[in-house]
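A.B. asks:
Numbering (the working numbering), first residue to last: 4 to 191.
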């Protein structure tokens with residue numbers, strides 16, 4: 004049999020338990036994948052539609068475009084740095100790797116290289132992941148580099164009064180319920 008103190012503590016913390024279970028149900032974890040990369044020219048000047056594409060390979064077999072762009076005019080040994088690009092995903096369809104497509108043309112009718120290169124993430128928990136990978140861009144210098152990070156997305160909460168919750172008579176009072184931070188007002 005429980006003591007009076009145990010009963011009082013249970014009644015005191017029951018609303019907190021309800022609040023935390025609602026938080027986890029309303030806000031499934033999400034993660035962001037960020038790629039930051041630089042491409043170095045190789046061989047001869049890239050021309051006539053030379054390009055790159057970066058994709059996130061998803062667990063369900065789909066691919067999500069992260070970034071793409073032209074590389075016409077990049078000189079041998081010249082490095083072009085690109086700003087970080089980010090996508091968000093959830094654990095029900097995680098990112099399993101990165102695919103790049105590189106095409107380098109040395110004249111309008113001659114392609115020097117055109118290929119896809121894949122980098123698959125190691126097995127295990129990738130909720131925090133950080134790696135530098137070289138040689139991902141076909142047709143360009145192997146010194147070309149990509150910095151890949153995965154981290155949880157921070158979520159914020161606002162509190163909103165919900166007086167319609169049903170609890171035992173001892174607990175018939177308004178409790179605070181967490182709602183996503185996009186709610187701008189707090190009810191009285």
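Every residue, glycine too, gets a C-beta built ideally from N, C-alpha and C.
For residue 153, which beta-bridge partners are listed by DSSP?
C.D. replies: Position 150 of the chain shown, counted from the first residue, corresponds to residue 153. According to DSSP, which records beta bridges pairwise, residue 153 is partnered with 36 and 132.
A.B. asks: Given that a residue counts as buried once 16 or more other Cβ atoms are within 10 Å of its Cβ, and exposed if not, what is residue 10?
C.D. replies: Working through the chain shown from its first residue, we reach residue 10 at position 7. Exposed: under 16 other Cβ atoms inside 10 Å.
A.B. asks: By Cβ distance below 7 angstroms, which residues in the same chain neighbour residue 80 in space, the five residues on each side in sequence not counted?
C.D. replies: As a working mapping, residue 80 is identified with position 77 in the chain shown. 43 and 44, listed in sequence order.
A.B. asks: Can you grab the Cα-Cα spacing for the pair residue 120 / residue 150, in whole Å?
C.D. replies: Counting from one through the chain shown, the residue named residue 120 turns up at place 117. Counting from one through the chain shown, the residue named residue 150 turns up at place 147. Going by the C-alpha atoms only, they are around 15 angstroms apart.
A.B. asks: What are the partner residues of residue 69, as DSSP defines its beta bridges?
C.D. replies: Translated into positions along the chain shown, residue 69 becomes position 66. Partner(s): none; residue 69 has no beta bridge.
A.B. asks: Based on the DSSP output, what are the partners of residue 117 in its beta bridges?
C.D. replies: By 1-based counting over the chain shown, the position of residue 117 is 114. According to DSSP, which records beta bridges pairwise, residue 117 is partnered with 106.
A.B. asks: Are three or more beta carbon pairs between the stretch 96-113 and the stretch 46-66 nearer than 8 angstroms?
C.D. replies: yes
A.B. asks: Leaving out five residues on either side along the sequence, give the residues of the same chain with a beta carbon under 8 angstroms from the beta carbon of residue 62.
C.D. replies: As a working mapping, residue 62 is identified with position 59 in the chain shown. Cβ within range, chain order: 96, 97, 98 and 99.
A.B. asks: If you draw a straight line from the C-alpha of residue 73 to the C-alpha of residue 135, how long is it?
C.D. replies: The residue you call residue 73 lines up with position 70 of the chain shown. The residue you call residue 135 lines up with position 132 of the chain shown. Taking the straight line from one Cα to the other gives about 23 angstroms.
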